[in-house]
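Asks: Numbered according to the working numbering, the sequence shown terminates at residue 431, and the numbering increases by one at each position without gaps.
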Amino acid sequence: VDPDRRGPGLDGVWLDITGCGHLLGGEMALAQDIQNRLGAIGVSARIGVGPTPGIAWALARFGRASVERVDQKDVRQRLGVLPLAALRLVPDVVDSLARLGWKQVRDLYPVPRAPFVARFGRLPLVRVDQALGREAEAISPDLPQTALQVSLHFAEGLVRIEDIQTATGRLCEGLADLLVKEGQGARALLLQLHRSDGVVSDVEVGTSRPVGRADHLARLFHEKLDQLEGGLDTGYGIEVLRLFVTQHAPASVAQGDLHTQHGGGSLVQVQEQLGDLVDRLGNRIGAERVQRILPHASYLPEEATRHEPVLTAHQTSKNNAPIWPLELYQRARRPLCLLPCAEPIEVVAEVPEGPPRQFRWRRVLYQVARSQGPERIGAEWWQRGKARAPTRDYFQVEDVKGHRFWLYRAGLYGRETTHPRWYVHGVFS
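#1: Let's test the definition: count the other Cβ atoms within 10 Å of the Cβ of R162 and tell me whether it reaches 16, buried, or not, exposed.
#2: Could you check what DSSP says for P126 in three-state terms: helix, strand or coil?
#3: Report all residues from its chain with a CB closer than 8 Å to the CB of R372; omit the five preceding and five following residues, and keep chain order.
#4: With a threshold of 16 other CB atoms inside 10 Å of the CB of D235, please say whether the residue is buried or exposed.
#5: Give the secondary structure of P252 by DSSP, where H, G and I count as helix, E and B as strand, and everything else as coil.
#6: Can you tell me which of D281, P212, T307 and K183 puts its alpha carbon nearest to the alpha carbon of H298?
#7: Would you mind working out which of V107, L150, S210 and G239 sits nearest R129, comparing C-alpha positions?
#8: Could you give the first and the last residue of the continuous beta strand (DSSP E) run that contains V69?
#9: In angstroms, rounded to a whole number, what distance separates the CA positions of C22 and E29?
#10: I need the boundaries of the beta strand (DSSP E) containing Q398, first residue and last residue.
#11: Closest by CA to Q369, which one among G380, H405 and E382?
#12: So, L191 versus E175, is the Cβ gap smaller than 8 Å?
#13: Can you have a look at L193 and say buried or exposed, based on whether 16 or more other CB atoms are within 10 angstroms of its CB?
#14: Do the region 97-115 and the region 33-53 touch if we need at least three Cβ pairs shorter than 8 Å?
#15: Less than 6 Å between C-beta atoms, sequence neighbours within five positions excluded: which residues of the same chain meet that for E164?
#16: I'd like the list of long-range same chain contacts for I325, defined as Cβ closer than 6 Å, with 5 residues on each side in sequence excluded.
#17: Taking the alpha carbon of E310 as the reference point, which residue from L302, P303, Q293 and A47 has its own alpha carbon closest?
#18: Quick check on D235: does DSSP put it in helix, strand or coil?
#19: List the endpoints of the continuous alpha helix (DSSP H) containing L367.
#20: For the beta strand (DSSP E) that V207 lies in, which residues bound it at each end?
#21: Could you check how far apart the C-beta atoms of R336 and A251 are, in whole angstroms? I think they sit under 8 Å.
#22: Decide if A62 is buried, meaning its Cβ has at least 16 other Cβ atoms within 10 Å, or exposed.
#23: Candidates S142, K226, L32 and A88: which alpha carbon is nearest L134's?
#24: Count the other CB atoms within 10 Å of the CB of L484; is the residue buried (16 or more) or exposed (fewer)?
#25: Using a beta-carbon distance below 8 Å, is A31 in contact with chain B?
#26: A157: buried (16+ other C-beta within 10 angstroms of its C-beta) or exposed?
#27: For the pair the region 276-288 and the region 214-225, tell me if three or more CB-CB distances fall below 8 Å.
#28: Per DSSP, P117 is paired with what?
#29: Quick one, are the C-beta atoms of R197 and E241 less than 8 Å apart?
#30: Helix or strand or just coil, what does DSSP make of S98?
#31: Short of 6 Å in beta carbon distance, which residues of its chain neighbour D13, apart from the five on each side in sequence? Order them along the chain.
#32: Per DSSP, what are the beta-bridge partners of C339 in this structure?
#33: Please classify Q186 as buried or exposed, where buried requires at least 16 other C-beta atoms within 10 Å of its C-beta.
#34: DSSP has W383 in a bridge; who is on the other side?
#35: Which whole-angstrom value describes the C-beta separation of L91 and L125, a residue pair presumed to lie in contact below a C-beta threshold of 8 Å?
#36: From the DSSP output, in three-state form, read off W424 for me.
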């Protein structure tokens with residue numbers, strides 16, 4: 003049995019009655035009995051019976067009779083006269099096909115597949131193949147989900163924070179057992195404190211990855227309760243504690259390393275400790291403030307990385323992956339300190355296209371002893387608003403005292419401008 007939520011409008015239920023028809027005199031008799039029983043309780047139903055889920059769904063909604071059955075040998079003919087909506091397609095696709103003259107399923111039988119798929123995608127023809135039995139279609143039932151929650155009741159209300167923390171630890175142990183049984187890890191949790199006078203206080207914590215360890219969850223709540231100690235009014239006591247998992251994900255099991263790192267712990271342990279640290283910092287100062295640097299698809303140095311909260315970094319789209327191969331990133335030497343904004347400088351160069359001989363930055367004059375470059379970075383013409391940005395020529399320069407800088411010239415001399423401007427963009431260590 004599987005609740006059918008694949009089609010718009012009416013509700014439905016999928017039933018696999020393979021091998022059951024003979025118990026009630028055949029599949030048609032079984033379907034008629036189901037309809038009669040539903041009608042007796044005031045439920046109007048249409049039933050389709052067929053060798054594939056697709057044709058059964060189509061007959062239940064678009065068949066001529068309220069109960070209709072079709073054999074495998076007649077599926078192609080019976081399906082062909084049904085409207086395209088019988089293929090479980092969204093209305094926009096059905097309308098687009100109808101405007102081109104395809105209104106019944108049989109209109110799709112002779113179409114050339116490659117051009118059709120290129121324009122409308124695979125789904126319409128996949129639905130045809132599934133209904134005809136050419137392609138298997140698995141119907142996965144919606145199994146009831148176990149409620150990931152635990153609670154404790156107290157005859158005498160808890161007043162002290164220490165007692166509430168101890169009770170919360172017991173709740174976390176019970177919740178951890180549930181998570182292990184379900185193969186899940188908690189991502190967000192809610193602790194409700196019910197006072198004897200009916201007032202309810204909520205305490206929420208979140209994690210950076212699916213967690214099922216009771217000790218770690220208890221520590222997060224203990225720290226959160228410590229922060230609330232001055233502002234948590236327990237009244238005449240907390241009579242009920244309830245702990246809910248409001249967001250969860252499948253728990254990943256990592257294989258341990260045979261070799262340990264220099265710090266004495268395996269890579270799995272180090273990753274787990276780092277995750278624990280992120281969770282604790284996020285619950286102390288706010289999840290949005292714990293960030294990490296991720297690569298971004300841009301050649302411009304100031305836009306090649308971006309900051310993102312660790313708790314949402316796992317949702318990063320592949321579209322934001324770096325557009326340089328990793329080996330090019332490793333080969334391109336970048337300064338350790340990149341200025342937040344490139345700062346203009348005064349430069350003296352032997353030729354307009356050459357490296358600087360000296361430059362003045364922040365009122366200090368630097369004499370260049372050696373230089374390397376240029377590394378040219380052009381405008382990102384495919385980005386709106388950046389197509390007309392000047393081309394940059396980057397130079398690594400070292401002054402007579404050994405200080406190393408990363409400079410660039412904005413604008414190609416003679417082609418983009420007659421007066422290129424110079425900037426310092428970073429400082430090497």
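Note that beta-carbon positions come from the ideal geometry of N, C-alpha and C, so glycine has one too.
In this text the structure is predicted, and so the values were computed from the model without any measurement.
Replies: This is what the structure gives:
#1: In the sequence shown, counting from the first residue as 1, residue 162 sits at position 160. That one is exposed.
#2: The residue labelled residue 126 in the question sits at position 124 within the sequence shown. In this structure, P126 counts as helix in the three-state DSSP scheme.
#3: Sequence index remark: in the sequence shown, residue 372 carries index 370 (1-based). Answer for R372: V399 and E400, listed in chain order.
#4: Your numbering for residue 235 matches position 233 in the sequence shown. Exposed is the call here.
#5: Taking the first residue of the sequence shown as position 1, residue 252 is located at position 250. Strand, per DSSP.
#6: Taking the sequence shown and counting its residues from 1, the one referred to as residue 298 is at position 296. Nearest option by C-alpha distance: T307.
#7: Taking the sequence shown and counting its residues from 1, the one referred to as residue 129 is at position 127. If we check each option's Cα against that of R129, V107 comes out closest.
#8: Numbered from its first residue, the sequence shown carries residue 69 at position 67. Here the beta strand (DSSP E) through V69 covers V69 to R71.
#9: Within the sequence shown, residue 22 is the residue found at index 20, counting from 1. Within the sequence shown, residue 29 is the residue found at index 27, counting from 1. When rounded, the distance between both Cα atoms is 8 Å.
#10: For the purposes of this step, residue 398 is identified with residue 396 of the sequence shown, where counting begins at 1. Residues R394 to D401.
#11: If you number the sequence shown from 1, residue 369 lands on position 367. When only C-alpha atoms are compared, the closest one is H405.
#12: Within the sequence shown, residue 191 is the residue found at index 189, counting from 1. Within the sequence shown, residue 175 is the residue found at index 173, counting from 1. No, these two residues do not count as a Cβ contact at 8 Å.
#13: By one-based count along the sequence shown, residue 193 stands at place 191. The residue is buried, with at least 16 neighbouring Cβ atoms inside 10 Å.
#14: no
#15: Start at 1 with the first residue of the sequence shown, and residue 164 comes out as number 162. The answer is none, since no qualifying residue turns up.
#16: Along the sequence shown, read from residue 1 onward, the residue named residue 325 stands at position 323. Any reading at I325 needs caution, since the residue's pLDDT is 49, under 50, leaving its predicted position unreliable; the model's value is listed next. Within the same chain, I325 has close Cβ partners A299.
#17: Looking up residue 310 in the sequence shown gives position 308. The residue with the shortest Cα to Cα distance from E310 is Q293.
#18: Indexing the sequence shown from 1 puts residue 235 at position 233. Three-state result, D235: coil.
#19: On the sequence shown, residue 367 is found 365 positions in, with the first residue counted as 1. Segment V366 to I379 is the beta strand (DSSP E) holding L367; no alpha helix (DSSP H) there.
#20: Here residue 207 refers to the residue found at position 205 of the sequence shown. Note, V207: beta strand (DSSP E), V202 to V213.
#21: Residue mapping note: residue 336 aligns to position 334 of the sequence shown, counting from 1. Residue mapping note: residue 251 aligns to position 249 of the sequence shown, counting from 1. Wrong, their Cβ atoms sit about 35 Å apart, outside the cutoff.
#22: Taking the sequence shown and counting its residues from 1, the one referred to as residue 62 is at position 60. So A62 ends up on the buried side.
#23: Within the sequence shown, numbered from 1, the residue matching residue 134 stands at position 132. The candidate whose alpha carbon is nearest that of L134 is A88.
#24: Any property of residue 484 remains undetermined from this structure, which presents the chain solely from 3 to 431.
#25: No chain B appears in this structure, which consists of one protein chain only.
#26: Numbered from 1 along the sequence shown, position 155 holds the residue referred to as residue 157. A157 is exposed by the Cβ-count criterion.
#27: yes
#28: To locate residue 117, count along the sequence shown from 1; it is residue 115. Paired residues: none, contrary to the question.
#29: The sequence position of residue 197 within the sequence shown is 195, counting from 1. The sequence position of residue 241 within the sequence shown is 239, counting from 1. Yes, they are a contact pair.
#30: What you label residue 98 is simply residue 96 of the sequence shown in a count that begins at 1. In the structure shown, S98 sits in a helix (DSSP, three-state: H, G or I).
#31: For this step, residue 13 is matched to residue 11 along the sequence shown. The answer is none, since no qualifying residue turns up.
#32: Residue 339 sits at position 337 when you count from the first residue of the sequence shown. Its beta-bridge partners are V429.
#33: Stepping through the sequence shown from its first residue, residue 186 is reached at position 184. The residue is buried, with at least 16 neighbouring Cβ atoms inside 10 Å.
#34: Stepping through the sequence shown from its first residue, residue 383 is reached at position 381. In the DSSP output, where bridge partners are listed per residue, W383 has none listed.
#35: What you label residue 91 is simply residue 89 of the sequence shown in a count that begins at 1. What you label residue 125 is simply residue 123 of the sequence shown in a count that begins at 1. 7 Å between Cβ atoms; contact.
#36: Along the sequence shown, read from residue 1 onward, the residue named residue 424 stands at position 422. Here W424 sits in strand by DSSP.
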